[in-house]
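Following: one structure in structure tokens, then a few remarks.
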Amino acid sequence: MRVQGQGCRVLRLVPACALLIAFLVLTGGCYRSYVCENRRIIETRDQAAGDRVIIDVGDGDITLPRVPAASGSKFSDGRRTVWFHGDELTVEADGKRPYGRCVLVK
19 MRVQGQGCRV
29 LRLVPACALL
39 IAFLVLTGGC
49 YRSYVCENRR
59 IIETRDQAAG
69 DRVIIDVGDG
79 DITLPRVPAA
89 SGSKFSDGRR
99 TVWFHGDELT
109 VEADGKRPYG
119 RCVLVK
């Protein structure tokens, strides 16, 4: 038995799947949560193959570009800096570390 129109349904799904994959690649990333000495929870997400990071310290997302680091991964816009080293995260804003030591929640 031949069913008319099945090929059209499949062809309609292909562009939708391609768009979904592109969206996940561009906006997706690895989500991580860190708990800090002052009990603040910081959420991070890698983006664009690790060239940027999105960080949320509770007052909205901040996107920072990757900068050179002697070790670990460092992201900065010149005023705010986020540094990942192993399971730890350090946040600097205007030369201060307002959250203290932050550790990855596993």
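Counting with the numbering used here, you get residues 19 to 124 for the letters of the sequence shown.
Don't be surprised by glycine CBs; every beta carbon is placed ideally from N, CA and C.
Model, not experiment: these values are computed from the prediction.
*asked:* Among 124, 107 and 118, whose alpha-carbon lies nearest the alpha-carbon of residue 56?
replied: The alpha carbon of residue 56 has as its nearest neighbour, out of 124, 107 and 118, the alpha carbon of 118.
*Taking Cβ to Cβ, would you say residue 94 is nearer than 9 angstroms to residue 102?*
No.
*Beta-bridge partners of residue 110, as assigned by DSSP*: Paired residues: 99.
*Out of curiosity, what's the CA-to-CA distance linking residue 121 and residue 67?*
If you draw a straight line from the Cα of residue 121 to the Cα of residue 67, it is about 23 angstroms long.
*asked:* Pull the bridge partners of residue 117 from the DSSP assignment, please.
replied: Per DSSP, none; premise fails for residue 117.
*Cβ neighbours of residue 84 in the same chain (closer than 6 angstroms, five flanking residues each side left out)*: By the criterion of a C-beta distance shorter than 6 angstroms, residue 84 is surrounded in its chain by 69 and 93, once the five residues flanking it on both sides are discounted.
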